[in-house]
Amino acid sequence: MAQIFALAGWRNYTEDVSQPWIAFSLEGGRVNKSQGGADIPASAGRADISPSPEYTRASAAPAPAPIQPPGQFSADGQWWWNGTRWVPASAAPASGPAACMVCGATPATQVTLRSVLALAVFGVTSTVRGVYCRDCGLAMFRQRMSATLLTGWWGVLHFFINLGVVFGNLGERARLMRLGPPMRNPGTGFLDPGRPVFLRAGFIVSAAVLLIGGSSLIIAATTPPVPFPAADQAYIGLCAQHSGNDWSTVDCSGAHDGKVVSLAHTAEGCPSEDSAAKLDDGNYTCIDTSK
Ligand SMILES: [Zn+2]
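Following our numbering, the numbering of the sequence shown begins with 158 at its first residue and continues without gaps.
Below is the structure:
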């Protein structure tokens, strides 16, 4: 299971080189996996990149990123990309504004977006953290949000985890939308935000689930229970005796094995401590054997 998730995560990562840092956590299993890679800033705890001797910080310098624009902090905030190499964050110019890691535009802000893949009891939450301008950030938000709306609902625990993720992502989107319009070098490619989330599969599937789930709840709550025929109700209060698998009504003053206390449409509908005896019309009498 964990292997499959790890592979799925890797595929996801290799498709999008603009993602600086991706973590996977597997709930319901035993693995917490973080992904480090060639162009992923990674701390020493989760990657095989050793710190340069000149730096003795806790965090290893992230690997150089070919598409990395200058003026950007690493995911853990301890390193700064000067356009050529990672330097300690203290060496970053104080005035250097954060730049989008995809297109180099300013203003940009660090956002954390999550998506959930839920499979009954197992599930994976993947986290993407990066510095993005409004356009690239919106593109990342829409991609992650649509994914989590599609795959996040299909577990009991993860349904609620996914609710938190959805609201968390919305909060990050709100921060992105507060950024000014991106200023970038003309001709620099940026991520196309594409269609809004509500026009994508995830939203449509979520809306359908909500509609079906909500309407079946309403139907169940508003449908009156099917009444029992008078002939069945006449059994309540009678005493019964059983021989083999059959129950027959007897006079309560004589010997009896129990008393009919209620009716049910199914054998499971009777209280668990009672015996259920099927009537000719398919309903059941529930017999309290202590009476
Ligand atoms: Zn950008």
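All C-beta atoms in this analysis are idealised placements derived from N, C-alpha and C, irrespective of residue type, glycine included.
Inter-residue Cα distance where the pair is residue i and residue j
{"i": "Ala-232", "j": "Val-285", "result": "10 angstroms"}
{"i": "Tyr-212", "j": "Val-268", "result": "In this predicted model, Tyr-212 has a pLDDT of only 38, less than 50, meaning its place in the structure is not dependable enough to derive any value."}
{"i": "Phe-324", "j": "Gly-394", "result": "55 angstroms"}
{"i": "Gly-411", "j": "Val-417", "result": "15 angstroms"}
{"i": "Val-273", "j": "Leu-327", "result": "15 angstroms"}
{"i": "Ala-256", "j": "Val-322", "result": "26 angstroms"}
{"i": "Asn-169", "j": "Ile-369", "result": "Its pLDDT being 37, under 50, Asn-169 is placed unreliably in this model, and the coordinates cannot settle the point."}
{"i": "Val-362", "j": "Pro-381", "result": "30 angstroms"}
{"i": "Gly-344", "j": "Ala-377", "result": "58 angstroms"}
{"i": "Trp-236", "j": "Ala-277", "result": "40 angstroms"}
{"i": "Lys-448", "j": "Thr-379", "result": "35 angstroms"}
{"i": "Phe-317", "j": "Ala-387", "result": "45 angstroms"}
{"i": "Asn-319", "j": "Thr-446", "result": "47 angstroms"}
{"i": "Pro-198", "j": "Arg-357", "result": "Low local confidence applies: a pLDDT of 40 at Pro-198 is under 50, so the model's placement there is unreliable, with the coordinate-based value given in what follows. C-alpha separation (whole angstroms): 31 angstroms."}
{"i": "Gly-287", "j": "Ser-429", "result": "56 angstroms"}
Residues near residue i by beta carbon distance below 6 angstroms, same chain, minus five either side
{"i": "Trp-404", "result": "Ala-397, Ala-434"}
{"i": "Gly-359", "result": "Ser-303, Leu-306, Leu-307"}
{"i": "Arg-291", "result": "Leu-333, Leu-336, Pro-339"}
{"i": "Val-354", "result": "Arg-299, Met-302, Ser-303, Phe-360"}
{"i": "Ser-252", "result": "Only weak support exists for where Ser-252 lies, its pLDDT of 45 falling under 50; the value from the coordinates is given anyway. There are no such residues."}
{"i": "Met-264", "result": "Here residue 264 is Pro; the residue named in the question, Met, does not match the sequence. These residues qualify, in order along the chain: Leu-336, Gly-337."}
Boundaries (first-last residue) of the alpha helix (DSSP H) holding residue i
{"i": "Leu-327", "result": "313-334"}
{"i": "Ile-393", "result": "It is not in any alpha helix (DSSP H) - Ile-393 carries neither H nor E in the DSSP assignment."}
{"i": "Leu-477", "result": "This structure cannot settle anything about residue 477, because the visible part of the chain is limited to 158 through 448."}
Own chain residues within Cβ distance below 8 angstroms of residue i, not counting five before or after
{"i": "Tyr-441", "result": "Leu-420, Ala-421, His-422, Thr-423, Ala-424, Gly-426, Cys-427, Ala-433, Ala-434, Lys-435"}
{"i": "Asp-389", "result": "Leu-420, Leu-436, Asp-438, Asn-440, Thr-442"}
{"i": "Tyr-392", "result": "Thr-406, Val-417, Leu-420, Leu-436, Thr-442"}
{"i": "Cys-409", "result": "Leu-395, Cys-396, Lys-416"}
Run of the beta strand (DSSP E) containing residue i, from where it starts to where it stops
{"i": "Leu-274", "result": "266-276"}
{"i": "Asp-362", "result": "Per the sequence presented here, residue 362 reads as Val, with Asp not at that position. No beta strand (DSSP E) holds Val-362; the alpha helix (DSSP H) holding it covers 358-379."}
{"i": "Ala-421", "result": "415-421"}
{"i": "Thr-406", "result": "403-407"}
{"i": "Lys-435", "result": "432-435"}
{"i": "Thr-442", "result": "441-445"}
Close beta carbons around residue i, own chain, < 7 angstroms, minus the five adjacent residues each side
{"i": "Glu-385", "result": "It is worth fixing the name first, because residue 385 is Phe in this sequence and not Glu. Cβ within range, chain order: Leu-420, Asn-440."}
{"i": "Ile-259", "result": "At residue 259 the sequence reads Val, which differs from the Ile that was named. Around Val-259: Ser-175, Tyr-289, Cys-293, Phe-347, Leu-348."}
{"i": "Ala-296", "result": "Leu-348, Asp-349, Pro-350, Gly-351"}
Test item: CB-CB of residue i and residue j under 8 angstroms
{"i": "Ala-364", "j": "Gly-312", "result": "no"}
{"i": "Thr-266", "j": "Leu-374", "result": "no"}
{"i": "Arg-299", "j": "Thr-282", "result": "no"}
{"i": "Ile-444", "j": "Gly-401", "result": "no"}
{"i": "Trp-310", "j": "Val-366", "result": "yes"}
{"i": "Gly-280", "j": "His-315", "result": "yes"}
{"i": "His-413", "j": "Val-407", "result": "yes"}
{"i": "Arg-330", "j": "Ala-262", "result": "no"}
Check: residue i C-beta below 7 angstroms from any heavy atom of ligand 2
{"i": "Leu-295", "result": "Summarising the ligand content, the structure contains ligand 1 and does not contain ligand 2."}
For ligand 1, residues whose Cβ lies under 6 angstroms from any non-hydrogen atom: Taken from the N-terminal end onward, the list reads Cys-257, Val-259, Cys-260, Ala-262, Tyr-289, Cys-290, Asp-292, Cys-293, Pro-339, Phe-347.
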